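Just so we're aligned: 323 in the numbering used here is position 288 of the sequence shown, and the numbers increase by one with no gaps anywhere.
What follows is a single structure, written as structure tokens, with notes after it.
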Amino acid sequence: MPEHIHDQKPSEVGPAAQSDSDSPVSPLLTFGLIVLSLVVLLLPTPTGMTAAAHRLIAVTVLIAGFWITQAIPLAAASLLPLALFPLLGIQSAKDTAKAYAEDSLFLYIGGMIIALGIERWQLHRRIALTVVSLVGVSPRRLVMGFSLATFLLSMWISNTATTMLMLPIVLALLQVLDEGSDGAGNRPDSPLAVPLLLCLAYASTLGGMATPVGSPTNSVAIGIYREQLPEAPDVFFSDWLLVCGPIALCYLGLVIASLVRGLPGTTAADSRIRAELLRRRQQLGPLSQAEWLMLAVFGLTALLWVFREPLVIGRIELFRGWQWYLAKICGALTADTTLQATLLARGAVSDATVAILMTVLLFLLPSGTRSSQGQAIPLMNWPTAVRLPWDMILLFGGGFALASAFEKTRLAVWLADFLQKPLQGQPAWLAVAVICLILVLLTELTSNVATVTAVLPS
């Protein structure tokens, strides 16, 4: 087995590291939230609102309170709809459970397992080091290179995981500079320390905006949109990428421009940085079979996501989408018009279909390495896949359950009418500005995913 393969094992930091720590339950805060929800429940039902919708508001106050304050773990709070909705007559147990198996949820699961595969075989390090080396090693180019590498990785891997995967590389380079060491591996006095560390945070956030799988908040938003507006035009991977990708790139350019201000073009340490980057690339060795296959699966997944639906720019259709061609080929081979119509129907094939298909493929493809017993090791194994952030997955399910109940009890319609009155006659930008301001303030106090999951259903 090549020496560098021994290092290609799942690291301790990655997507699974996003999970909440086992923080102690706050009895006082929990009691306060329960009392608050009971007070809401005992208030008179507002005019025009159904009794079930009133009970749903009380449950939403309790669950959203747990999510925002984290008085109990996020995952535990996310399971409450399964118990409270049926008991309070809000929604049946069967309908509530369906929300925990939404299509968008499996898109996230598939994307995360692929990300774990990239991490398992150290492909992310090779990509990052290659991008940084190609851009250059001067201070300005280093910031640009790390920003681009982090941005590209964060388009496919969660923001937190990308930052934690890139951080050791940045810290190693700062160590090479040998500037302002505090003895603990930190470089507070280095002129490059702040720009490099900030570029990781900003670039990972912006990269997460660019694709539906880049950040959990995107998957939550798409799932709730589909749940509450089933007749509205669907949001495809290519649609999101074409709209949000350019916006994220523009913001990335502004971030880079602001971070490199005042940095010198070249320094005496450039040769040492170049040597450190070269040393780290040499440590990885040549591309192994596992890395080649992982890169192929990753690239194929991205292509299948982007080109599943028709690619249209303006009024020009550049590509019909592989789903259309698949339906035509299957229809021609089987002479079954029903099969063709089924494949062309809305929702017959989704981005989650691609994600899960590619995920299963990872368990079948050989990595080119063997265990001590001589058995072939696949690209992905279950001990690695089980490191999924299950708390985030349950949080998605809880959010989708709330969205489903809001639709079923018509609470969403009542809230829309209620909020429409003060904003009636006001320009649309004002409503958007107010909502954005509220969400920005909320995310200063709690996580993005918890905020979106709690607020979007309403």
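Ideal Cβ positions, reconstructed from N, Cα and C, are used throughout, including at glycine.
Keep in mind that this is a model prediction, so the values were computed, not measured.
Whole-angstrom distance between residue j and residue i, CA atom to CA atom
i, j, result
"SER56", "MET427", "With a pLDDT of 47 at SER56, under the threshold of 50, the predicted position of this residue should be treated as unreliable, and no value is reported."
"THR388", "GLU137", "12 angstroms"
"ALA325", "VAL178", "30 angstroms"
"ALA219", "LEU277", "Here ALA219 scores only 42 on pLDDT, less than 50, and its place in the model should not be relied on; the value that follows carries that caveat. Cα-Cα distance, rounded: 43 angstroms."
"THR488", "SER254", "10 angstroms"
"SER239", "LEU328", "25 angstroms"
"LEU63", "THR104", "12 angstroms"
"PRO50", "HIS159", "Because PRO50 sits at a pLDDT of 42, beneath the cut-off of 50, its placement in the model cannot be relied upon, and the point is left open."
"LEU187", "GLY243", "9 angstroms"
"MET190", "VAL170", "19 angstroms"
"ASP371", "ILE364", "10 angstroms"
"ALA118", "ALA466", "35 angstroms"
"GLY403", "ARG422", "23 angstroms"
"MET201", "VAL490", "31 angstroms"
"GLU266", "LEU446", "18 angstroms"
"ALA468", "ARG309", "46 angstroms"
"THR486", "LEU476", "10 angstroms"
"GLU47", "ALA463", "For GLU47, the predicted model reports a pLDDT of 41, less than 50, meaning its position is unreliable; a value from the coordinates is still stated below. If you take the alpha carbons of GLU47 and ALA463, they lie about 46 angstroms apart."
"THR252", "THR478", "12 angstroms"
"THR82", "LEU123", "20 angstroms"
"GLY460", "GLY145", "44 angstroms"
"LEU474", "LYS133", "28 angstroms"
Contact under 8 angstroms by Cβ, residue i with residue j
i, j, result
"SER168", "LEU312", "yes"
"ALA106", "LEU68", "yes"
"LEU91", "ILE125", "yes"
"LEU227", "LEU209", "yes"
"LEU399", "PRO413", "yes"
"ILE192", "ALA150", "yes"
"VAL270", "ILE259", "no"
"MET415", "LEU335", "no"
"PHE441", "GLN157", "no"
"VAL205", "ALA184", "no"
"LEU339", "TRP359", "no"
"THR444", "THR85", "yes"
"SER61", "LEU97", "no"
Presumed contact (8 angstroms Cβ cut-off) between residue i and residue j, rounded CB distance
i, j, result
"TRP357", "PHE333", "Their Cβ separation, rounded to whole angstroms, is 18 angstroms, which puts TRP357 and PHE333 out of contact at 8 angstroms."
"ASP305", "SER182", "Their Cβ separation, rounded to whole angstroms, is 18 angstroms, which puts ASP305 and SER182 out of contact at 8 angstroms."
"ASN194", "SER250", "6 angstroms"
"LEU142", "ALA390", "5 angstroms"
"LEU437", "PRO116", "7 angstroms"
"LEU231", "ALA283", "Actually they do not touch by this definition, with Cβ atoms about 20 angstroms apart."
"ASP386", "PRO247", "7 angstroms"
"ALA411", "PRO401", "5 angstroms"
Span of the beta strand (DSSP E) around residue i
i, result
"ALA438", "Taken as a continuous stretch (DSSP letters only), ALA438 belongs to no beta strand (DSSP E), being part of the alpha helix (DSSP H) at 425 to 443."
"SER402", "401 to 405"
"ALA110", "No beta strand (DSSP E) contains ALA110, which is instead part of the alpha helix (DSSP H) from 109 to 113."
Delimiting residues of the alpha helix (DSSP H) encompassing residue i
i, result
"GLY366", "357 to 369"
"ILE259", "251 to 263"
"ALA128", "128 to 133"
"ILE308", "305 to 319"
"ALA236", "228 to 245"
"ILE144", "138 to 155"
"ILE412", "That residue, ILE412, is in no alpha helix (DSSP H); its beta strand (DSSP E) goes 411 to 413."
"GLU344", "No alpha helix (DSSP H) contains GLU344, which DSSP labels as neither H nor E."
"ILE282", "272 to 294"
"ARG90", "86 to 104"
"ALA420", "417 to 420"
"LEU187", "174 to 189"
"LEU77", "62 to 77"
"THR301", "Unbroken run through THR301: none, as it is neither H nor E."
"VAL384", "No alpha helix (DSSP H) holds VAL384; DSSP gives it neither H nor E."
Beta-carbon proximity list for residue i, same chain, < 6 angstroms, skipping 5 on both sides
i, result
"PRO290", "Rather than Pro, the amino acid found at residue 290 in this sequence is Val. The residues are TYR237."
"GLN375", "ALA362 and GLY366"
"TYR135", "GLY432"
"HIS89", "THR80"
"ASP217", "Unreliable placement is indicated for ASP217, whose pLDDT of 43 sits below 50; the coordinate value is still reported in the next sentence. Answer for ASP217: no residue qualifies."
"GLU344", "PHE271, SER273 and GLY356"
"SER139", "SER254, ILE257 and GLY258"
"TYR286", "LEU241"
"LEU397", "GLY152, LEU414 and MET415"
Same chain only: Cβ atoms within 7 angstroms of residue i, ignoring 5 sequence neighbours per side
i, result
"ALA420", "ILE148 and LEU151"
"PRO121", "SER127, ALA128 and THR131"
"LEU330", "LEU158"
"LEU294", "VAL178, PRO230, LEU233 and CYS234"
"ALA383", "THR377"
heavy atom of the ligand MG below 7 angstroms from residue i C-beta
i, result
"GLN317", "Absence of the ligand MG from the depicted structure is noted, as is the absence of any ligand whatsoever, leaving it without description."
Beta-carbon contacts of residue i that lie in its chain and below 8 angstroms, excluding the five residues immediately before and after
i, result
"GLY300", "SER173, PRO174 and ARG175"
"ARG315", "ARG160, LEU164, ILE204 and ALA207"
"ALA110", "ASP55, TRP425, ASP426, LEU429 and LEU430"
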